[in-house]
Structure formats: structure tokens, C-alpha cells
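In what follows, a single structure is set out as C-alpha cells and then discussed.
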Amino acid sequence: MWSDVFSHEFYREGAVAVTGTAAQNDGSERQLDVIPAGLWRALSEYSADALILMNRLRRVLYMNRAARELLGEERVGALCGELLGCREEETCHLMESGACFGQCVLQSRQPLTDVEMTIVRGDGGVIPVAVSYSYIPDGTGQDYFLMAIRDQTDRKLSEAEHQRSEELRLTLRERERLARDLHDGVVQDVAYANLQVKNLLGGEDVTALLRGELETVSKVLEQSYLELRQALFDLTFHVRGGLADHLRKHLHDFEVQTGVETRLSEQDVPHDLEPFTVDQVCKMLREALANVRKHADAHSVNVELACSDEQLTCEISDDGKGFAETEFGNLHFGLRAMRERCDMLGGALQVRSSPGAGTTITITVPARR
Numbered sequence: 043m044w045s046d047v048f049s050h051e052f053y054r055e056g057a058v059a060v061t062g063t064a065a066q067n068d069g070s071e072r073q074l075d076v077i078p079a080g081l082w083r084a085l086s087e088y089s090a091d092a093l094i095l096m097n098r099l100r101r102v103l104y105m106n107r108a109a110r111e112l113l114g115e116e117r118v119g120a121l122c123g124e125l126l127g128c129r130e131e132e133t134c135h136l137m138e139s140g141a142c143f144g145q146c147v148l149q150s151r152q153p154l155t156d157v158e159m160t161i162v163r164g165d166g167g168v169i170p171v172a173v174s175y176s177y178i179p180d181g182t183g184q185d186y187f188l189m190a191i192r193d194q195t196d197r198k199l200s201e202a203e204h205q206r207s208e209e210l211r212l213t214l215r216e217r218e219r220l221a222r223d224l225h226d227g228v229v230q231d232v233a234y235a236n237l238q239v240k241n242l243l244g245g246e247d248v249t250a251l252l253r254g255e256l257e258t259v260s261k262v263l264e265q266s267y268l269e270l271r272q273a274l275f276d277l278t279f280h281v282r283g284g285l286a287d288h289l290r291k292h293l294h295d296f297e298v299q300t301g302v303e304t305r306l307s308e309q310d311v312p313h314d315l316e317p318f319t320v321d322q323v324c325k326m327l328r329e330a331l332a333n334v335r336k337h338a339d340a341h342s343v344n345v346e347l348a349c350s351d352e353q354l355t356c357e358i359s360d361d362g363k364g365f366a367e368t369e370f371g372n373l374h375f376g377l378r379a380m381r382e383r384c385d386m387l388g389g390a391l392q393v394r395s396s397p398g399a400g401t402t403i404t405i406t407v408p409a410r411r
């Protein structure tokens, strides 16, 4: 490999001519005339950047160690487009269109820096990279170009995480605004309407039929008021303390309020989970328990909480009446909200149920710390 690359004329007699100065031991400067070919080999081979040298036909002549590691294999002889996944035949359509960066550098003899693209590994994996192209003449009319490549995977992941955090921040701010609007508007109106209905019920001239209707309306308004208050709580709710501690407290409160027996088992649940993740898992549990209270007619609820290095799993099972699989595709609002929360965290929600066999909801989300 090296014998081919370093046999070109611009490596004259084992050395490369340069212009510059170097400091001598006595502190003075001397003219640096040549770099030994062996040092040039070492500079290329041990560069932190992946270096790929190509000829005017855009075939790979040399790849340094970083390039071989990045691509997972030696690709000397490969066409430029095979590395970039932009050609399937011998004729590169990008060259004719002027969109091939290597061809542009060869024609313009000007460098291109920090071009973002993707590189195809030997195993078929695709890596986001930033590439700088340099035109390399050798003094004999042979043209080459050098690709200096840096892996951008970590940067892309960091940008995606930052974008996710920003989206979550904006989502939280919007929810808080919505909670304020609901509290100052609809919630107050429902409370006022219920108060007026109760005042009517206290009147002496209310007939029995009308009284029954008003009592029904009052119950609906009271239930609506409670639901709205719960929605406001969920919109502004933030967990204080560890996830398991909060779930245990909420299960206890649910058992006292409903008489439904509850049980929590936990395994390796850390206390340093990302607060937003903890909030959302708690809200999903609250929604699941609300569904049990409203629809399941259950006698017991079991919650299993487990955490590995990469994911957090919360499984909620009840012994209620369940529902048919045909109803899964038309999930009511509570389950849809749970699924949306899972999607927002990059996780998944699974629902298993059948008539008379209860329901199991499994929440799996990344265990971010």
C-alpha cells in the first residue's frame, strides 16, 4: 500500500521538499529543507483525522489507520462514490451534475472544508461525518485530492439531545400556560355553574321532576370539576424525591380512596433519574390508575418497576374486567395520552387485555440520568 503511494515523484528520493523554518538546539532558526519520507508516512498514518487520498479518477489510493478504523475495513481501490453511497454504477451522475465535491476540487483546485455528509462502513452502517477536501498536485500533471474526515456521530447525538431538551422545555412552558388559562377560565365557569345549580335546588318551588334533573346536572358538573382539577394538577405536577418513593405514596393514596388493593415491587431503581422522565412516568401511572378506577372494576393492582443501565420499565396490572383486542385500535383519551408521553420520551407503551382477564400496561422508556 505505502509503496504505491510514496513512489510518486513528489516524494523525491525518500524526502519531501518544504519551505519553512525550525528551531535549533541553541534557539536560533535554520531552514527546514526536507521531511524524511518515513516521518511523512508516520504523520499520515497516525493522524487523528481519517485521511483518504484519491486520484483524478476518484479511486482510493491510500487510507490511514483512522480511516480504516472509521470504515471498518481497507478500501484501497474503491471509488469515491462507493464510500459515500452516491453511486451504484461506474458512471457517477454527480460528476456530470457538478455536485460531486471531489470532482469540484479537482476542477477548481480549491479546497472545500467541513462538508457534512455520510460515509458507508464496510458492514453497511452509515456514519455522519464532516469532510475537508484538499487539492494535491504532484508536479507531474497528476492530480489528487485528500479527504480529511471527522466522525460527527457524537456531535449529532448531542445536537439531537439538545433539541429534545429544548422541545421538552417548550412543551412544559406551554402546558403551564394552558393550566393557567384553564384555571382562570373553564374551571372557574364550571364551579360557578355548579354553585348556581345548587342554589336552584334549594328553592321551594322546584318540582320533583326538575329537582331530579338538577341533581343529575350537579353531579355531572362536580365530576367535570374534579376531572379539570386533576388535569390542572397533571399539567403542573413535578415529582419531589425518587420515583419509587412517589409511586409508593400514590399507590397508598389510591388504595385508601378506592379500596382497591395495591402492591409495588421495585428492582435497581436509581434516585438520580432525569426529573422529566420521573414526572412523565408518574403521570402515566396516575392515568393508568384513573382508568382502573373508572373502567376496570378491579380488586387489586400490581406495579412492577425495574431499571437497567439503558431502560426503565414500569408494568401496571389489574384483575379487572379487561376489554377486547378489537378496542385497542380505538384507544380512549387516557391511553392515547400515555402513548404520547412514551413517544415524547423515546419509549414505548404496550397494552395487553382481554374480557374477564384484566389489563396489563407496560411502559418502557430510556433510563436517562
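So in the numbering used here the end of the sequence shown lands on 411, straight run, no missing numbers.
All C-beta atoms in this analysis are idealised placements derived from N, C-alpha and C, irrespective of residue type, glycine included.
Discussion item. Rounded to the nearest angstrom, what separates Arg107 and Ala390 at their Cα positions?
Written reply: 40 Å
Practice prompt. May I ask you to report which of helix, strand or coil DSSP gives Met228?
Written response: Contrary to the premise, residue 228 reads as Val rather than Met in this sequence. Val228: helix per DSSP, three-state reduction.
Item to complete: Below 8 Å on the Cβ atoms is my guess for Cys356 versus Leu327; work out the distance and round it to an integer in Å.
Response: 7 Å
Fill in: Boundaries of the beta strand (DSSP E) in which Ser176 is found, first to last residue
Val168 to Pro179
Discussion item. If you measure between the beta carbons of Gln194 and Ala221, is that distance less than 7 Å?
Written reply: no
Discussion item. Which residue wins for smallest C-alpha separation from Leu243, given the options Leu256, Arg117 and Val311?
Written reply: Leu256
Worksheet item: Is DSSP giving Ala190 helix, strand or coil here?
Response: strand
Worksheet item: So what does DSSP say about Val147, is it helix, strand or coil?
Response: helix
Worksheet entry | Same chain, Cβ closer than 6 Å to Arg394, five either side skipped, listed in chain order | Thr402
Practice prompt. To the nearest angstrom, report how far apart His313 and Ser396 are at their CA atoms.
Written response: 35 Å
Worksheet entry | Exposure label - Ser86; buried when at least 16 CB within 10 Å | buried
Worksheet item: Just to confirm, are Gly400 and Asp360 a CB contact at a threshold of 7 Å?
Response: yes
Discussion item. Given a cut-off of 7 Å on the beta-carbon distance, is the pair Ser266 and Val232 in contact?
Written reply: yes
Discussion item. Tell me the DSSP secondary structure of Ile405 in three-state form.
Written reply: strand
Worksheet item: Shortest alpha-carbon distance to Leu120 belongs to which of Leu95, Glu111, Cys142 and Phe143?
Response: Inspection of the sequence shows that residue 120 is occupied by Ala rather than by Leu. Here the closest residue by C-alpha is Leu95.
Worksheet item: Going straight from the alpha carbon of Gln149 to that of Asn97, what length do you get?
Response: 13 Å
Fill in: Own chain residues within Cβ distance below 8 Å of Leu125, not counting five before or after
Ile94, Val102, Leu113, Arg117, Ile161 and Val162
Worksheet item: Can you name, in chain order, every residue of its own chain whose Cβ lies under 6 Å from the Cβ of Gly69, other than the five neighbours on each side?
Response: Model confidence at Gly69 stands at a pLDDT of 48, short of 50, so the residue's coordinates are unreliable and nothing is read from them.
Worksheet item: How long is the line joining the alpha carbons of Cys122 and Arg100, rounded to whole angstroms?
Response: 5 Å
Worksheet item: Does the beta-carbon distance from Ala340 to Val302 come in below 7 Å?
Response: yes
Fill in: Ser396, DSSP secondary structure in three states
coil
Worksheet item: Where do the ends of the beta strand (DSSP E) carrying Gln499 lie?
Response: Summary: the structure shown does not reach residue 499, with the chain confined to residues 43 through 411, and so no result is reported for it.
Practice prompt. Give me the Cβ distance between Leu331 and Leu306, rounded to the nearest whole Å; I'm assuming they're in contact under 8 Å.
Written response: With 8 Å as the limit, Leu331 and Leu306 do not qualify as a contact, their Cβ atoms being about 12 Å apart.
Worksheet item: Taking the continuous alpha helix (DSSP H) assigned at Arg290, which residues delimit it?
Response: Leu285 to Thr300
Discussion item. Using the three-state DSSP reduction, which class does Ser33 fall into: helix, strand or coil?
Written reply: Residue 33 cannot be examined here, being either before or after the span of the chain that is shown, 43 to 411.
Worksheet item: When the Cα atoms are used, what is the spatial distance from Ile405 to Thr213?
Response: 21 Å
Worksheet item: So who's on the other strand from Glu308, going by DSSP bridges?
Response: Leu347
Item to complete: Just the C-alpha distance for Ala64 and Glu111, rounded to the nearest angstrom, thanks.
Response: Any reading at Ala64 is ruled out, since the residue's pLDDT is 48, under 50, leaving its predicted position unreliable.
Worksheet entry | In DSSP terms, what Asn97 is bridged to | Tyr186
Discussion item. Measuring alpha carbon to alpha carbon, tell me which residue in Met189, Tyr186, Phe296 and Ser207 is nearest Phe318.
Written reply: Ser207
Worksheet entry | Rounded distance between the beta-carbons of Thr304 and Val34, thought under 8 Å | Not covered by the structure: residue 34. The range shown for the chain is 43 to 411.
Worksheet item: Taking the alpha-carbon positions, what's the Leu199 to Leu237 distance?
Response: 54 Å
Discussion item. If you reduce the DSSP assignment to three classes, tell me which class Ser260 lands in.
Written reply: helix
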